[in-house]
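Enquirer: First to last, the protein sequences are chains A and B. Residues in the first sequence are numbered consecutively from 660, following the numbering used here. Residues in the second sequence are numbered consecutively from 660, following the numbering used here. Here a beta-carbon is modelled for each residue, glycine too, at the ideal position from N, C-alpha and C.
Protein chains: 2
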Amino acid sequence: MPSYIAPTKDMAFVLNEVLDVYKTDIPGYNELEADFTGAVLEEAGRITGQVLAPLNMVGDTEGCTLENGVVRVPTGFQDAFDQVRKGGWTGLDCDPEYGGQGMPCVMATAVAEMFSSSNQAFAMYQSLTHGAYSAIRTHGTKEQKSRYLPNLVSCAWTGTMNLTEPHCGTDLGLMRTMAVPQEDGSYKISGQKIFISAGEHDMADNIIHLVLAKIPGGPEGIKGVSLFIVPKLLVDDGDSPGVRNSVSCGRIEKKMGIHGNPACAMNYDGATGALLGEEHKGMRAMFTMMNEARLGVGMQGLAQAEVAYQNAVIYARDRLQGRDVTGARNPDGPADPLIVHPDIRRNLMDQKSFIEGARAFVYWGAVMIDRARRNEDAEAEGLISLLTPIIKGFLTDVGYDMTVQAQQVYGGHGYIEEWGMSQFTRDARVTMIYEGANGVQALDLVGRKLAADGGKHVMAFFDLVQTFIAENKDNEAMKAFTGPLREASNTLQDADIYLRQNGMKNPNHRLAGATDFMHLFGHVCLGLMWAHMAKVALKALDGNADDPAFYKNKVATARYYMARRLPACRMHLARIRSGADPVMALGTDSF
Amino acid sequence: MPSYIAPTKDMAFVLNEVLDVYKTDIPGYNELEADFTGAVLEEAGRITGQVLAPLNMVGDTEGCTLENGVVRVPTGFQDAFDQVRKGGWTGLDCDPEYGGQGMPCVMATAVAEMFSSSNQAFAMYQSLTHGAYSAIRTHGTKEQKSRYLPNLVSCAWTGTMNLTEPHCGTDLGLMRTMAVPQEDGSYKISGQKIFISAGEHDMADNIIHLVLAKIPGGPEGIKGVSLFIVPKLLVDDGDSPGVRNSVSCGRIEKKMGIHGNPACAMNYDGATGALLGEEHKGMRAMFTMMNEARLGVGMQGLAQAEVAYQNAVIYARDRLQGRDVTGARNPDGPADPLIVHPDIRRNLMDQKSFIEGARAFVYWGAVMIDRARRNEDAEAEGLISLLTPIIKGFLTDVGYDMTVQAQQVYGGHGYIEEWGMSQFTRDARVTMIYEGANGVQALDLVGRKLAADGGKHVMAFFDLVQTFIAENKDNEAMKAFTGPLREASNTLQDADIYLRQNGMKNPNHRLAGATDFMHLFGHVCLGLMWAHMAKVALKALDGNADDPAFYKNKVATARYYMARRLPACRMHLARIRSGADPVMALGTDSF
């Protein structure tokens, strides 16, 4: 069975040395001393490694079962959920007014990475609840907040997000679920929602569904969508769950992965709901949570890659096959371990250099979210809005590829479920799809985010890269990193210019390059992260660091990213510059 | 449920117009008139589309079950296998002396593509039997041939290949299974083999296991391995199956995919076997079938991509989401179909340009196998030996990526098993692993094949490309294809030079670039195929072809491959040229 050991040292490196969180001028960050964050990471590492990871394969094998409207979760999940609740892990970054611990998003993100690595299906019960918490906290009335938030923060109740219907996912304007206003100010909700993760289960006293629906007579399409709170059990004035609402789970899907979390088809048959936020402003309410939710999924991409990588390394060290061509490394054994072989090493370095770069990128994104919120910093808000589709789309596309590469290290055993590598791949696959399929992320990037506020956020990004390069221009040791970063960044600027100039003439020139642009941008972001990490590591080595091997490995891994991963940038530029014509040449009936 | 319609028109295009098989000077090819091959393809298309494809999901859902040593196959498989046997599909390219139809490998490959697309798990029963047939036909005694081949050709009996053991797959020198010689000339085989596809099942009267084992006292390692015929039921002098041999299936694995075919752990407990070929020459016997077997797996990569693509197209036409930004295409409907969107179109064009290029590549490879065999042409043998790891490794790596892309078109539905797209991905995953994991293919290419016979085969390949370019140098319309092909080929030559020069100093420089070199080479091969297909299509358009749209689409798809896929070549070169240092910089304990 695979294992998971939280990479707390790498996490602490990013928090303390790369992002320097303790010294950052964001309210609340002055609590993030290394001793404190280290203790949180260690304790989270313990519960995820010892309690959640051993249940990961159980969840996959048993799955969830629906019987008489009740969904049963896999063996051990209830007990683990109790431990998680009791440990206070559910409200790390929630408002202390409602029982949360008030930590910044960046700490919650680091902890969430561990939860996701150790057991993605399990972690989703909690992360979806956090989504419902955020929506109600941001858009709810005072009464709604006091009624729902304490139990959502503690996960005594869990939450769900109900967007998709059988005929519409991306294009929610096609939605058919209706919300009919009642005389008492409530609404009767009717319709079917599908793919509702944790839509029904037996681990919580109540489930609070957030449901998008249309009020009759409202505007057409997406502008007529409102958001509703629809509890499974109606919450009476005493705020304890009471009568069963007219909402039920009609089916759970057989999925490729994340079997431990049920994807429910939810039937709303005149269920009682309360408007959350304003009428017809449901999409806007969803959008306010989007950066955080999508950053969370991008984090899952790196989290599955991390756990798959850890187990690939174990196998590569353990499995004896063939000999090092430069001389036997295990001469007394029948063969050398896989890890001596350059092609295995390339495979592992791809994974390692992606994961550590992605971690820095995601945590940096979380700092921007904190800065946007806690400092009401519009520039940080603009920059993280620009980078969000890249975090979500690029990190899950590449994260998935990395789980596939990790699986490949196992040879035939990688294909056998008993070894667990297949599950990582199957679980990771959903991250490319949910919370906006990656093609939609790419369109969001080139169709909306690039041009937002007159394009100033992408300019701010380029400034940031150029400033970094300029600051290090006299540092000889850094040239190995700033050089490739400059080239990659120039390539991205060329792509940006192409999209702007040609997208004016024909929007399809922009859209045809969307996915390549997202990947090109992602590589530049990870290049920037690695250049930054190399600088920190070189400085530590200059200063007689305690653990020089750790920093030398960071420098070597940065070098790998520059040499082996950044060359993808020019490929993406060439594809983008070929424009829409090759893509759109065939008629729709010629496929 | 997904469907499959054999792409007979595309297949016929490759056979008749690209490869011009009927006019080729290989014995037997003079029978391959378009009418004849067309009839075979149509009939194979019928049985695969109507009989095998509907059983694909049944096989996945039910899987195989082991009870009291008996493996039961999924519902409908037995009846379908009977139809396949009755239709004569099992011996297409087998020797007529043993009941086969004596067709060339290229025809069998085209038909096998359909079998694999429609139901990979089912097709494997037959393809493994074909492997056993080939081994016995090439290395068996006259008596062995007459005893086993007729029933293997008809698939009355099926065959297996037993190589892997729990502790060794790639490195078969570590093998522990022993074969002890008996006084009567037979051997007693003892040991455990794992991952034996179709190792036990109830669809055939007998199962003929080909087993690699060591004879005590033989040479160490791989040089002491011999090949044995070990029937499930001992075949008496009357050649009908009799007493049960001491071989049994101890376990079937839970796999990520190909559930309709059991991966058996086979226990040999002093089972009676007969030496096939010479003592200690077992690996050589396996190698003589390797090109064909690996070409067959490369074909599976394209076959799964093809069926996934077909279903992605259906969904992209059917599913309404969003609007074409250049103007509504379905103004009376609530939204436009997915296929209007450039990013979906890019996704589908990636698939289409890969599949059709890969098909030409694989069929061309099959022609080389035929030429090597039927004309005893050493140059063809050398060239296909060089290209085999590319066909296997590149086509299954990219084929898998394409099934993932096809699945992505379905959004959330792609993750739900009911829609069938997950199965294509899960089934395709094994093709990167079995018959030599793709990393091993890459090592075979750079470590063995490039240098074989003084490197003359890779030179022959470059000559072939240059000759094609030279022949078309005055053809204006071809410049759009020969230009990118020349650049890609030059890039490959640069990579080859790098590997030769630096691999001399340090073999790790060669090995660290192995996978990138395999992919770079694969792109050049598909570029060559597309340039060739473009030429044929342009010529047909000049000559007032019957169906100009068909040829225009070929030209447009060729253009897509040049514009959007060949830019990967320079990325691979850059990675290769970074050499072993970034890859090997970390100590084995630093991962």
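#1: How close, in whole Å, do the beta carbons of M915/B and R1085/B come, if the pair is a contact with beta carbons under 8 Å?
#2: Give me whichever residues DSSP pairs with Y1210/B in a beta bridge.
#3: Of the choices G957/B, P921/B, R1005/B and K682/B, whose alpha-carbon is the least far from that of R1224/B?
#4: Which word fits D694/A, buried or exposed, when buried means at least 16 other C-beta atoms lie within 10 angstroms of its C-beta?
#5: Three-state secondary structure (DSSP) at E676/B?
#6: Which chain A residues sit within Cβ distance under 7 Å of F854/B?
#7: Could you give the DSSP three-state label for P1048/A: helix, strand or coil?
#8: Taking the C-alpha atoms as reference points, what is the distance between G1134/A and A1193/A?
#9: With a threshold of 8 Å between beta-carbons, can K882/A be considered close to chain B, or not?
#10: I'd like to check one pair, C814/A with A863/A: are the Cβ atoms closer than 8 Å?
#11: If you measure between the beta carbons of F625/B and G919/B, is that distance less than 8 Å?
#12: If we define contact as Cβ-Cβ less than 8 Å, is G1186/B a contact residue for chain D?
#13: Determine the extent of the alpha helix (DSSP H) in which N970/B is found, giving its start and end residues.
#14: Could you please tell me which residues of the segment 1212-1228 of chain B, in chain order, have their CB closer than 7 Å to any CB of chain A?
#15: So the beta strand (DSSP E) Q841/B belongs to, where does it begin and stop?
#16: What are the residues of the segment 1083-1106 of chain B that lie near chain A, defined by any Cβ-Cβ distance shorter than 9 Å?
#17: Please report the straight-line C-alpha distance between Q1149/B and F1053/A, rounded to a whole angstrom.
#18: Kindly list, in the order they appear in chain A, the residues whose Cβ is closer than 8 Å to that of L833/B.
#19: Buried or exposed, going by whether 16 or more other CB atoms sit within 10 Å of the CB of V730/A?
#20: Please state the DSSP three-state secondary structure of F887/B.
#21: So who's on the other strand from E726/B, going by DSSP bridges?
#22: Less than 8 Å between the beta carbons of N821/A and K847/A, yes or no?
#23: For V1258/A versus L997/A, is the C-beta distance shorter than 8 Å?
#24: Can the beta-carbon of D995/B be found less than 8 Å from the beta-carbon of R988/B?
#25: So N1167/A contacts chain B; which residues on that side make the cut at Cβ distance below 8 Å?
#26: Starting from L1144/B, trace the alpha helix (DSSP H) both ways and give me its first and last residue.
#27: So what's D606/B in DSSP terms, helix, strand or just coil?
#28: W1189/B to A1196/B, Cα distance in whole Å?
#29: Could you spell out where the alpha helix (DSSP H) holding C908/A opens and where it closes?
#30: How should F672/A be labelled, buried or exposed, when 16 other C-beta atoms within 10 angstroms of its C-beta is the threshold for buried?
#31: Checking contacts by CB at 8 Å: is A1199/A closer than that to chain B?
#32: Closer than 7 Å: is that where the CB of M1192/A sits relative to any heavy atom of the ligand MG?
#33: Between which two residues does the alpha helix (DSSP H) harbouring Y792/B extend?
#34: Tell me which residues share the same chain as P1048/B and place their Cβ nearer than 6 Å to its Cβ, disregarding the 5 neighbours each side in the sequence.
#35: Which of the three DSSP states is assigned to M1230/A in this structure?
#36: Is the beta carbon of K891/A closer than 8 Å to that of V906/A?
Expert: In brief:
#1: The Cβ separation is near 5 Å, so the contact holds.
#2: Beta-bridge pairing by DSSP links Y1210/B to no other residue.
#3: Put simply, of G957/B, P921/B, R1005/B and K682/B the residue whose alpha carbon is nearest the alpha carbon of R1224/B is R1005/B.
#4: With a threshold of 16 other beta carbon atoms within 10 Å, D694/A falls short and is exposed.
#5: Three-state result, E676/B: helix.
#6: Those within 7 Å of F854/B in chain A are G1071.
#7: Looking at P1048/A - three-state DSSP - the assignment turns out to be helix.
#8: Just to set this straight, residue 1134/A is Asn in the shown sequence, not Gly. So the two alpha carbons sit approximately 12 Å from each other.
#9: No, K882/A lies away from the interface with chain B (no Cβ there is under 8 Å from its Cβ).
#10: Judged by their CB atoms, A863/A and C814/A are nearer to each other than the 8 Å cut-off.
#11: Absent from the structure is residue 625/B, since the part of chain B shown begins at 660 and ends at 1250.
#12: No chain D is part of this structure, whose protein chains are labelled A and B.
#13: Residues M949 to D977.
#14: Hits within the stretch, in order: N1212, A1215, R1218, Y1219, A1222, R1223, P1226 and A1227.
#15: Counting along the chain, Q841/B sits inside no beta strand (DSSP E), nor does DSSP assign it H or E at all.
#16: Listed by position along the chain: T1084, R1085, R1088, V1089, M1091, I1092, Y1093, A1096, N1097, G1098, V1099, A1101, L1102 and G1106.
#17: The displayed chain sequence assigns Asn, not Gln, to residue 1149/B. Cα to Cα, the separation comes out at about 31 Å.
#18: Within chain A, the residues near L833/B are L979, Q980, P993 and A994.
#19: So V730/A ends up on the buried side.
#20: The answer is strand: DSSP assigns F887/B an E or B state.
#21: E726/B pairs with V729/B.
#22: No, they are not a contact pair.
#23: For chain A, the structure presents residues 660 to 1250; residue 1258/A sits outside this window and is missing.
#24: Result yes, Cβ atoms of D995/B and R988/B sit closer than 8 Å.
#25: For N1167/A, the chain B residues whose Cβ falls inside 8 Å of its Cβ are V984, T985 and P1001, in order along the chain.
#26: Going by DSSP, L1144/B is part of the alpha helix (DSSP H) stretching over K1138 to K1164.
#27: What the structure shows of chain B is the stretch from 660 to 1250, and residue 606/B is not part of that stretch, so it cannot be assessed.
#28: Taking the straight line joining both Cα atoms gives about 10 Å.
#29: Counted as a single uninterrupted DSSP element, the stretch harbouring C908/A is not any alpha helix (DSSP H) but the beta strand (DSSP E) occupying residues V906 to I911.
#30: Under this definition F672/A is a buried residue.
#31: No, because no Cβ of chain B sits closer than 8 Å to the Cβ of A1199/A.
#32: Absent from the structure shown: the ligand MG. Ligands present: none.
#33: Going by DSSP, Y792/B is part of the alpha helix (DSSP H) stretching over Q779 to H798.
#34: Q1100, D1103 and L1104.
#35: Look at M1230/A here: in three-state DSSP terms it is helix.
#36: Yes, these two residues count as a Cβ contact at 8 Å.
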